[in-house]
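Below is one structure; the comments refer to it alone.
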Amino acid sequence: MPTHAQPNLSLHDSLQAAIEKQSNLLIKPNIEQVKESGLSTWLDGSPSVSFMHLESRDELGTNESEITFSFDIKSPFLRDIEKKLDSKVDKLQSTAKQQFALILSGRLRSILWELSIQKASLEALNRKQTLLSSLTTQFEEMAAAQAIPQYLALIVQAEMNQLSISFMEYQRNISSLQEQYFALTGLRVLPNQISESLEGEEIAEIANHPDVRALDAEFENAYEMLLGSSKRTTPWSIQLTGKHVSTPGFSENQLGVGVEVPIGIGETLSSLQKSEYAKLTIDHEIARKKLYLQLTENKASRVREYTFLQEKQRLLDKGLSTLHALNKVMDELREANAPNQEFFIRTLLNNIDAQSNVELNRLYTQRQVALIKQAAGITL
Numbered sequence: 002m003p004t005h006a007q008p009n010l011s012l013h014d015s016l017q018a019a020i021e022k023q024s025n026l027l028i029k030p031n032i033e034q035v036k037e038s039g040l041s042t043w044l045d046g047s048p049s050v051s052f053m054h055l056e057s058r059d060e061l062g063t064n065e066s067e068i069t070f071s072f073d074i075k076s077p078f079l080r081d082i083e084k085k086l087d088s089k090v091d092k093l094q095s096t097a098k099q100q101f102a103l104i105l106s107g108r109l110r111s112i113l114w115e116l117s118i119q120k121a122s123l124e125a126l127n128r129k130q131t132l133l134s135s136l137t138t139q140f141e142e143m144a145a146a147q148a149i150p151q152y153l154a155l156i157v158q159a160e161m162n163q164l165s166i167s168f169m170e171y172q173r174n175i176s177s178l179q180e181q182y183f184a185l186t187g188l189r190v191l192p193n194q195i196s197e198s199l200e201g202e203e204i205a206e207i208a209n210h211p212d213v214r215a216l217d218a219e220f221e222n223a224y225e226m227l228l229g230s231s232k233r234t235t236p237w238s239i240q241l242t243g244k245h246v247s248t249p250g251f252s253e254n255q256l257g258v259g260v261e262v263p264i265g266i267g268e269t270l271s272s273l274q275k276s277e278y279a280k281l282t283i284d285h286e287i288a289r290k291k292l293y294l295q296l297t298e299n300k301a302s303r304v305r306e307y308t309f310l311q312e313k314q315r316l317l318d319k320g321l322s323t324l325h326a327l328n329k330v331m332d333e334l335r336e337a338n339a340p341n342q343e344f345f346i347r348t349l350l351n352n353i354d355a356q357s358n359v360e361l362n363r364l365y366t367q368r369q370v371a372l373i374k375q376a377a378g379i380t381l
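2 is the number of the first residue of the sequence shown in the working numbering; add one for each residue after it.
Structure follows, in structure tokens:
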């Protein structure tokens with residue numbers, strides 16, 4: 002089924018369609034299954050019950066029965082850490098979605114621009130076919146009348162055969178790209194406008210790249226988890242005790258409560274935890290600098306290529322008038338049946354290629370804008 006452009010479909014619409022269709026590729030942790038209930042936000046572990054009975058062997062002795070209900074509650078520091086970790090989980094999920102959207106944006110940009118380039122190349126073949134079709138019958142008749150050498154008609158026929166093969170290849174490529182677009186988005190319609198604007202301030206800060214933000218979010222989460230195992234997270238212990246004491250002629254019930262609160266002395270982190278934190282920080286800094294360098298170099302390379310294509314386009318546009326003038330002269334000489342018809346035909350075909358290169362370079366330049374934005378981490 003053919004894919005066509007739709008005026009009111011934007012690049013962002015295509016991206017949203019791709020995200021929806023490919024959402025099964027994004028892991029969705031079931032937060033509800035591990036979400037803490039009201040009590041578990043306070044309790045540290047499971048409560049315990051202990052029972053003890055002491056029976057005296059003496060006739061006038063004392064018998065005691067005691068039951069103790071013990072439970073640990075989380076320290077204020079640990080509850081604060083857990084709240085921060087909850088927000089970090091949300092941040093990790095958010096950055097993962099941004100990375101996923103960027104991946105899909107890159108795939109869409111690649112497909113749509115390659116499709117546009119293939120269609121432009123096919124249009125150049127159409128112009129060649131129009132030229133050669135107009136010559137085929139004319140040259141066959143002239144060759145039969147021995148007005149021109151037979152080989153000229155054969156040259157035109159050979160070019161037509163080669164064009165037919167090229168047509169098949171381009172149509173196959175276009176069909177393949179359309180199917181890739183459908184598989185990615187589920188849409189049979191294309192955005193009517195795929196060109197993007199290039200804003201300097203928009204691509205200036207690599208720190209906003211989803212990959213950098215994801216790396217920072219992972220470090221922040223790991224740091225909070227490390228703090229969650231520090232001495233300041235030691236729970237507060239509470240015991241509720243009921244005791245029955247009985248002697249001959251006397252008995253009483255006792256109720257009591259005990260609270261054990263840890264007293265923090267010294268540093269929050271142990272020596273081992275400090276070592277872990279140092280390694281965590283160093284690993285993060287190395288990974289961040291390496292990623293930052295890769296992203297910066299990639300973006301700079303894209304910008305340099307964009308500058309080159311702009312300058313190339315300026316020169317191509319400058320020579321376009323010459324191509325049109327040459328095309329006109331060659332047409333006149335060919336129609337006048339001037340000698341060396343093969344040269345005129347070759348020149349006309351080469352001119353079509355040259356004019357096509359002007360348009361293709363314009364598309365390459367516009368595509369480079371998309372590649373710069375992709376390198377800067379900007380989604381559609």
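All residues carry an ideal CB built from backbone N, CA and C; glycine is no exception. Since the structure is predicted, the reported quantities are computational estimates derived from the model, not experimental observations.
Check                                                                                                       : Outcome
DSSP beta-bridge partners of A6                                                                             : L191
Collapsed DSSP secondary structure at S15 in the structure displayed                                        : helix
Same chain only: Cβ atoms within 6 Å of H245, ignoring 5 sequence neighbours per side                       : S66 and N254
Simplified DSSP assignment, three categories, for S271                                                      : coil
8 Å contact criterion, which T234 and I82 should meet: CB distance rounded                                  : 7 Å
8 Å Cβ cutoff met for E197 and A376                                                                         : no
Straight-line Cα distance separating S15 from A184                                                          : 12 Å
Which listed residue (R189, N162, S24 and R315) has its alpha carbon closest to that of N10                 : It should be noted that the sequence gives Leu, not Asn, for residue 10. Looking at the Cα atoms, R189 is the closest of the given residues.
Bounding residues of the beta strand (DSSP E) (the contiguous stretch that carries W237)                    : W237 to T248
Counted within 10 angstroms of its Cβ, other Cβ atoms place F140 as buried (16 or more) or exposed          : buried
Proximity below 8 Å, CB of K313 to CB of I373                                                               : no
Cβ contact (3+ pairs, closer than 8 Å) linking the stretch 71-85 and the stretch 45-54                      : yes
Beta-carbon proximity of P236 to K75, cut-off 8 Å                                                           : yes
V35 to G46 span [Cα, whole Å]                                                                               : The predicted position of V35 is uncertain, since its pLDDT is 49 and thus under 50; a value taken from the coordinates is nonetheless stated next. Computed Cα separation, rounded: 15 Å.
Start and end residues, alpha helix (DSSP H) containing D212                                                : P211 to L228
Buried versus exposed call for T42 [16 or more other C-beta atoms within 10 Å across all chains shown]      : exposed
G265 - DSSP class collapsed to helix/strand/coil                                                            : coil
Contact under 8 Å by Cβ, L382 with N222                                                                     : There is simply no residue 382 to check, as the chain begins at 2 and stops at 381 in what is shown.
Reduced DSSP secondary structure (H/G/I, E/B, other) of L324                                                : helix
Terminal residues of the alpha helix (DSSP H) in which E65 lies                                             : First-last for E65: N64 to I74, but that is the beta strand (DSSP E), not the alpha helix (DSSP H).
Buried/exposed call for N352, threshold 16 Cβ in 10 Å                                                       : buried
Test item: CB-CB of T186 and A19 under 8 Å                                                                  : yes
Range covered by the beta strand (DSSP E) that runs through L364                                            : Per DSSP, L364 belongs to no beta strand (DSSP E); it is in the alpha helix (DSSP H), Q342 to A376.
Selected residue, minimal CA-CA separation from Y152, among R108, F344 and A125                             : F344
Where L256 sits in the DSSP three-state scheme                                                              : strand
8 Å Cβ shell around V304 - same chain, five flanking residues per side excluded                             : I373
Helix, strand or coil at T380 [DSSP, three-state]                                                           : coil
Opening and closing residue of the beta strand (DSSP E) in which S49 lies                                   : S49 to L55
Nearest residue (CA-CA) to I175, options I118, R58 and G243                                                 : I118
Other residues of its chain near P8: CB distance less than 8 Å, five sequence neighbours each side excluded : N193
Residue from L350, E200, Y182 and S231 whose Cα sits closest to the Cα of K22                               : Y182
Buried/exposed call for M331, threshold 16 Cβ in 10 Å                                                       : buried
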